[in-house]
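So that you can map any letter, position 504 of the sequence shown is 503 in numbering that gives the first Met the number 0, and since no number is skipped, the others follow by simple counting. This report concerns only the one structure given below.
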Amino acid sequence: MMANKRKIEGCSGADMSKKMKSHEQDDVQKNSVMAKKRKFAGCSGLNINKKMKSHEQDDVQKNQELPMDVDTYTPELPDLVVNQILLLLPTKLAVRASTLSRQWQRLWSSLPVLNFDEDLQLYNSQYGTDRAMFRKYLLSCLKRREKDQEEHDLDTFRLSMRYSGGASMIDKWLSFAVERNVKELEIILIRKHGDRSKHYFLPQTILNAQSLTTLRLNNVKLKDNPMPISLPSLKNMVLKNMDLGNVGFVHLISGCPSLEDLSLTSCGLRLCKVLSSSLKSLQIAKCRKVRIEVGAVNLESFRFWGDSYTEMYMHSSLNIASCRSFRHLEFFDTCFGGRWFQDDLSSRFPLLESLVLYRCSNFWSDTIHINNQTLKRLAFRGRNGFTVKVNINTPNLAAFEFSTGYLPSHQLNVLFSNFSLNAPNLLKAEVDFKLEDRYGKEENIFEDIDFPALINFLRHFDSSGSLSLTLNEAEALIFPEERRNTCSPPLPSLRHLSVAVDPLKKVKDDVSSKKVKDDVSSKKVKDDVLSLRDSLQWMAPRGYINMLMEEDKTVKSY
């Protein structure tokens with residue numbers, strides 16, 4: 000102490016106090032190190048360093064696992080402020096923050112959100128050790144909450160962890176959440192590849208949770224028997240990677256009288272039978288070889304994602320005829336059949352406002368005919384196989400999206416020639432077509448474009464407020480000069496035209512093959528851009544034109 004005082008002579012009182020405190024902490028640390036060295040006296044130098052390092056790691060682990068002493072001198076903030084801070088933190092950090100003071104500890108015990116997410120970075124290397132630490136941490140947190148005299152209700156309980164057994168422990172954690180009237184519950188179980196342990200079955204406790212409003216389950220099994228299910232408050236349910244028995248699924252839906260939103264993704268289910276008077280939104284994605292029967296008079300939105308398996312069966316496995324309240328329909332990778340697009344859609348879906356078809360096809364016909372008086376948005380996205388004729392009569396359509404995917408020029412020519420659109424109130428149109436060489440030729444594929452057919456195709460969008468064109472070959476829009484001199488412009492009334500192309504593709508190929516000098520290359524690029532600009536100005540003489548060069552992301556306006 001006297002030595003420390005002599006070191007800091009000449010300092011002010013405040014500085015002297017701070018420096019003495021710092022020197023005292025240094026002395027404590029030195030004494031601790033000397034004590035550890037005396038403890039390992041008799042060992043070699045290498046062993047001493049190893050043992051001291053091991054004890055330091057043990058100290059760090061103990062500090063992480065055991066709660067710190069509550070600091071009663073931490074200045075208090077308003078409860079509302081502390082509560083908001085804790086809500087913004089992940090649960091693991093919120094637990095640590097609760098050791099700051101008794102106020103923080105008290106407020107953490109009443110926090111309505113618990114999110115336990117196991118760190119999966121060490122999934123393969125330290126599977127057993129890391130899993131045990133997570134379980135120990137989770138158990139200690141729940142014990143601290145159980146000690147609280149008041150049982151505060153939970154808004155959200157989320158559990159994401161690896162699973163290879165231990166169902167009784169998970170049942171206990173979920174019972175804890177149900178006892179506290181949890182409203183939103185999410186369970187995500189990740190199984191190690193090749194793990195042959197039994198799957199986790201959803202307990203009866205969850206299936207009769209009266210307070211639940213939202214339920215999200217991933218990689219959980221549902222028993223295929225008519226067990227009693229009562230979820231009177233449930234409105235939203237998301238099921239993913241679940242093995243659902245036909246009987247168990249029907250009873251699950253019947254036990255949710257208030258269900259409004261249902262989503263099924265990659266679930267094992269042969270018959271998806273949904274009978275509900277409250278359901279408003281239904282989404283089914285990648286459920287292989289599933290038959291769908293929907294009886295939901297108030298269903299407004301239906302989205303279906305198929306795959307290479309379900310596509311073969313959809314023409315005979317989709318029954319939504321009794322749902323006449325649809326406003327939004329979306330189909331992805333779906334093969335239709337029969338007269339799905341031959342009849343008047345207005346008679347089947349009189350309230351339909353939005354229809355999206357992404358990589359879909361009509362197995363029994365090469366024609367898609369859409370006649371609907373209420374439709375406001377229509378989208379053909381991706382390559383719609385087998386389709387060569389499109390006939391659309393939608394007088395109230397406001398937004399139209401049309402994408403062909405990659406097609407050889409001769410198929411595009413057929414599509415352009417057999418396209419019909421009646422949409423006098425169209426406000427916005429987006430057209431995307433890509434050219435591919437069917438035979439792997441080296442010559443320019445745009446030379447085979449039927450320009451008269453393309454002109455007639457573009458005329459359908461003249462009454463639109465704006466038109467966006469996206470294509471991979473700029474030359475497809477460079478109309479020959481003789482054609483411009485003999486034909487009237489296809490878009491004389493269009494006010495706004497946006498074009499996104501890569502006009503440098505052909506030029507680059509020519510330059511690389513002939514090794515043309517840089518100055519010649521630059522001139523060819525400029526000529527190519529000028530030709531495209533002149534062609535666009537002829538196409539839409541009254542329009543404001545934006546031209547986006549995909550190669551350098553530059554925008555040119557005219």
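Note that beta-carbon positions come from the ideal geometry of N, C-alpha and C, so glycine has one too. Just so we're clear, the structure is a prediction, and the values are computed from it rather than from any experiment.
Spatial distance of residue i from residue j (CA atoms)
| i | j | result |
| --- | --- | --- |
| residue 286 | residue 293 | 15 Å |
| residue 401 | residue 298 | 27 Å |
| residue 145 | residue 172 | 11 Å |
| residue 433 | residue 470 | 5 Å |
| residue 245 | residue 329 | 25 Å |
| residue 473 | residue 545 | 14 Å |
| residue 264 | residue 252 | 16 Å |
| residue 131 | residue 137 | 10 Å |
| residue 322 | residue 295 | 6 Å |
| residue 110 | residue 320 | 47 Å |
| residue 230 | residue 169 | 20 Å |
| residue 483 | residue 451 | 11 Å |
| residue 208 | residue 92 | 29 Å |
| residue 289 | residue 414 | 32 Å |
| residue 133 | residue 159 | 11 Å |
| residue 498 | residue 465 | 11 Å |
| residue 412 | residue 429 | 19 Å |
| residue 175 | residue 140 | 12 Å |
| residue 278 | residue 529 | 56 Å |
| residue 502 | residue 476 | Note that residue 502 scores a pLDDT of 49, beneath 50, so its modelled location is shaky; the value from the coordinates is reported in the next line. So the alpha carbons of these two residues sit roughly 10 Å apart. |
| residue 218 | residue 187 | 7 Å |
| residue 83 | residue 96 | 13 Å |
| residue 276 | residue 538 | 52 Å |
| residue 250 | residue 228 | 7 Å |
| residue 437 | residue 410 | Summary for residue 437: the model assigns pLDDT 46, below 50, so the residue's position carries little reliability; its value from the coordinates is reported in the next sentence. Distance between the alpha carbons of residue 437 and residue 410: 10 Å. |
| residue 461 | residue 346 | 29 Å |
| residue 247 | residue 161 | 25 Å |
Alpha helix (DSSP H) segment containing residue i, residue limits
| i | result |
| --- | --- |
| residue 388 | Unbroken run through residue 388 is the beta strand (DSSP E), 388-392; no alpha helix (DSSP H). |
| residue 481 | 480-485 |
| residue 252 | 245-253 |
| residue 205 | 203-206 |
| residue 419 | Residue 419 -> not in any alpha helix (DSSP H); beta strand (DSSP E) instead, spanning 418-421. |
| residue 344 | 344-347 |
Residue(s) in a DSSP beta bridge with residue i
| i | result |
| --- | --- |
| residue 189 | 161 |
| residue 294 | 274 |
| residue 168 | DSSP, once it has assigned bridges, lists no residue as partnering residue 168. |
| residue 282 | 262 and 302 |
| residue 380 | 357 |
| residue 495 | 465 and 543 |
| residue 488 | According to DSSP, which records beta bridges pairwise, residue 488 is partnered with nothing at all. |
| residue 267 | 242 |
| residue 156 | 113 and 184 |
| residue 317 | 291 |
| residue 559 | The structure shown does not extend to residue 559, since the chain is modelled only from 0 to 557, so the question has no answer here. |
Inter-residue CB distance, residue i and residue j (contact presumed, cutoff 8 Å)
| i | j | result |
| --- | --- | --- |
| residue 115 | residue 157 | 7 Å |
| residue 493 | residue 542 | 5 Å |
| residue 326 | residue 352 | 5 Å |
| residue 377 | residue 396 | 6 Å |
| residue 419 | residue 391 | 7 Å |
| residue 423 | residue 457 | Not confirmed; about 17 Å, so no contact. |
| residue 343 | residue 304 | Contact flag wrong, Cβ pair sits at about 27 Å. |
| residue 408 | residue 365 | Not really, about 18 Å apart at Cβ, beyond 8 Å. |
| residue 272 | residue 241 | Not really, about 16 Å apart at Cβ, beyond 8 Å. |
| residue 203 | residue 226 | 7 Å |
| residue 232 | residue 262 | Going by Cβ atoms, the distance from residue 232 to residue 262 rounds to 18 Å, so no, they are not a contact pair. |
| residue 403 | residue 369 | Not really, about 17 Å apart at Cβ, beyond 8 Å. |
| residue 268 | residue 243 | 5 Å |
| residue 318 | residue 291 | 7 Å |
| residue 373 | residue 350 | 6 Å |
Extent of the continuous beta strand (DSSP E) run through residue i
| i | result |
| --- | --- |
| residue 215 | 213-217 |
| residue 325 | Residue 325 -> no beta strand (DSSP E), and no H or E assigned at all. |
| residue 397 | Neither: residue 397 is in no beta strand (DSSP E) and is coded neither H nor E. |
| residue 452 | Counting along the chain, residue 452 falls outside any beta strand (DSSP E), though it belongs to the alpha helix (DSSP H) covering 450-458. |
| residue 115 | 112-116 |
| residue 99 | Where residue 99 is concerned, there is no enclosing beta strand (DSSP E), given that its DSSP letter is neither H nor E. |
| residue 427 | 427-435 |
| residue 180 | Note, residue 180: premise wrong, no beta strand (DSSP E); not H, not E. |
| residue 471 | Taken as a continuous stretch (DSSP letters only), residue 471 belongs to no beta strand (DSSP E), as it is neither H nor E. |
| residue 368 | 366-370 |
- Item | Segment contact flag, the stretch 207-214 with the stretch 172-186, C-beta cutoff 8 Å, min 3 pairs | yes
- Message: Assess contact between the stretch 195-203 and the stretch 153-167, defined as three or more Cβ pairs (one per stretch) separated by less than 8 Å. Is contact present?
- Response: Contact between the stretch 195-203 and the stretch 153-167 is present, with at least three C-beta pairs closer than 8 Å.
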